[in-house]
Amino acid sequence: MNETQGQASVPGATAEELAVAGLDLLQRGLVAKAASLAERAAALDAADPAVWQLRANVARAAGDLVAARRAAEQWLALAPGSADAAALAAVLRGEPSPPGYEGVTAAPFLLLDDFLPAERHEAVVDYFLESVVDLADASVVKIDGKRVKDGETRSARVGYEPRLRDWFLPLVEPNFAECFRRFAIQPFQPMRLELQLTASFHGDFYRRHRDYDPAMPNGVETRRISFVYYFRPEGGSFEEGHLRLYDWRPSDGQPMPQRFTTILPLDNRLIMFPSHALHEVMPVRALSGRVEDGRFTLNGWANVVPPGPPA
Numbered sequence: 223m224n225e226t227q228g229q230a231s232v233p234g235a236t237a238e239e240l241a242v243a244g245l246d247l248l249q250r251g252l253v254a255k256a257a258s259l260a261e262r263a264a265a266l267d268a269a270d271p272a273v274w275q276l277r278a279n280v281a282r283a284a285g286d287l288v289a290a291r292r293a294a295e296q297w298l299a300l301a302p303g304s305a306d307a308a309a310l311a312a313v314l315r316g317e318p319s320p321p322g323y324e325g326v327t328a329a330p331f332l333l334l335d336d337f338l339p340a341e342r343h344e345a346v347v348d349y350f351l352e353s354v355v356d357l358a359d360a361s362v363v364k365i366d367g368k369r370v371k372d373g374e375t376r377s378a379r380v381g382y383e384p385r386l387r388d389w390f391l392p393l394v395e396p397n398f399a400e401c402f403r404r405f406a407i408q409p410f411q412p413m414r415l416e417l418q419l420t421a422s423f424h425g426d427f428y429r430r431h432r433d434y435d436p437a438m439p440n441g442v443e444t445r446r447i448s449f450v451y452y453f454r455p456e457g458g459s460f461e462e463g464h465l466r467l468y469d470w471r472p473s474d475g476q477p478m479p480q481r482f483t484t485i486l487p488l489d490n491r492l493i494m495f496p497s498h499a500l501h502e503v504m505p506v507r508a509l510s511g512r513v514e515d516g517r518f519t520l521n522g523w524a525n526v527v528p529p530g531p532p533a
């Protein structure tokens with residue numbers, strides 16, 4: 223008998239009970255332990271919808287979005303009347319949440335791998351290597367609109383409005399139409415596109431935040447779509463630094479920080495998501511101290527035209 227079978231044979235534990243316990247572990251950020259319970263639950267009863275609910279949520283928390291989608295589809299097949307299953311499956315296959323859904327589900331996103339052709343990717347890397355010595359300590363925007371350095375909230379190095387924006391942003395813009403559809407937001411012609419170069423070395427992070435918070439008028443409340451392009455110099459490496467997109471309620475975007483989708487910062491990957499989605503950059507591990515070993519991005523925002531003064 224292998225270890226999994228032995229654990230699954232614990233008397234008194236049903237597959238559903240193990241799955242519920244696994245979801246509780248996930249809400250406390252214990253992904254590996256939740257994954258272990260998912261395997262035990264599946265060994266007891268692989269036809270239980272709760273097992274596939276747990277599997278889907280474990281997979282997306284671990285950043286395996288292909289496995290997450292398959293598990294969510296299986297959950298929906300076993301529980302066709304579940305609005306929660308339908309909502310999660312929709313997000314993972316790139317569809318808006320079902321109309322009228324009032325529950326909590328994964329925040330929507332658009333993920334594009336192999337985004338740039340090789341010569342453009344090389345141009346981004348070359349620009350970074352030329353510019354890294356000129357990057358400044360990152361700041362955050364406070365409620366009064368002022369940019370300040372806040373080491374408790376964010377640690378990174380940034381360069382504002384890099385010159386390669388002239389050719390990079392036109393490659394991002396055609397994807398806005400798909401974002402409008404997936405995010406269920408009113409289409410708009412961007413009033414302004416922002417772009418930053420960000421370098422995160424060992425220990426750098428960005429705590430939970432929104433790029434646009436409807437309750438915080440701070441000068442960036444016109445942001446609607448956020449995008450992050452990951453790139454890596456040849457031979458560069460680091461660990462962690464994952465992006466977490468926290469679950470939300472589609473009707474109003476209110477977050478549920480206990481559950482999340484992990485986006486792995488893979489080379490030449492573009493991620494786009496609604497700017498009011500709560501998200502976080504986990505701490506980076508890059509002990510070598512080499513310039514090429516870090517988490518590097520071009521990140522930016524599409525802004526709407528600000529509302530005019532009351533009539």
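Read left to right, the sequence shown gives residues 223 to 533 (our numbering).
Glycine is no exception: its CB is placed at the ideal position from the N, C-alpha and C atoms.
- In this structure, DSSP gives His464 a state outside helix and strand, which the three-state scheme calls coil.
- Cβ contact annotation for Gln480 (same chain, cutoff 6 Å, sequence separation greater than five): Gln249, in chain order.
- Beta-bridge partners assigned by DSSP to Asn521: Gln418, Val450.
- A direct Cα-Cα distance of roughly 43 Å separates Ile447 from Leu266.
- In this chain, the alpha helix (DSSP H) harbouring Arg291 covers 287–300.
- The three-state secondary structure of Gly325, taken from DSSP, is coil.
- Going by DSSP, Gly381 is part of the beta strand (DSSP E) stretching over 379–382.
- Between Met413 and Thr444, the C-beta spacing is below 8 Å.
- For Leu247, the enclosing alpha helix (DSSP H) begins and ends at 237–249.
- By the Cβ criterion, the region 250–259 is not in contact with the region 458–468, since fewer than three pairs of Cβ atoms, one from each stretch, lie closer than 8 Å.
- In the structure shown, the three-state DSSP call for Arg385 is coil.
- In this structure, the beta-carbon distance from Pro330 to Arg404 falls below 8 Å.
- Note that the C-beta distance between Trp297 and Glu416 is not below 8 Å.
- Residue pairing by DSSP puts Glu502 in a beta bridge opposite Arg466.
- In the three-state reduction of the DSSP assignment, Gln275 falls in the helix class.
- Beta-bridge partners assigned by DSSP to Ile407: none are found.
- DSSP places Arg491 within a strand segment (E or B) once states are collapsed to three.
- DSSP, reduced to helix, strand and coil, places Asp359 within a strand of the structure shown.
- Annotated three-state conformation of Tyr349 is helix, per DSSP.
- With respect to Leu500, Thr483 sits apart: the two C-beta atoms are not nearer than 8 Å.
- A Cβ-Cβ separation of about 7 Å places Tyr428 in contact with Ala378 under the 8 Å criterion.
- Per DSSP, Arg262 is one residue of the alpha helix (DSSP H) stretching across 253–266.
- Counted as a single uninterrupted DSSP element, the alpha helix (DSSP H) harbouring Leu314 occupies residues 305–314.
- The C-alpha of Gly425 is placed about 29 Å away from the C-alpha of Gly244.
- For Asp474, the closest C-alpha among the options Thr327, Ala268, Glu502 is that of Thr327.
- Within the DSSP secondary-structure output, Phe427 pairs in a beta bridge with Ser377.
- Straight across, the Cα-Cα distance linking Gln408 with Arg512 is about 44 Å.
- The C-beta distance from Pro392 to Tyr349 rounds to 16 Å, too long to fall under 8 Å, and the pair is not in contact.
- DSSP links Thr483 through a beta bridge to Leu467.
- With respect to the 8 Å criterion, Leu332 and Glu400 are classified as neighbours on the basis of their beta carbons.
- Taking the Cα positions, Gln411 is about 11 Å away from Phe402.
- The bridge partners DSSP lists for Arg507 are Glu461.
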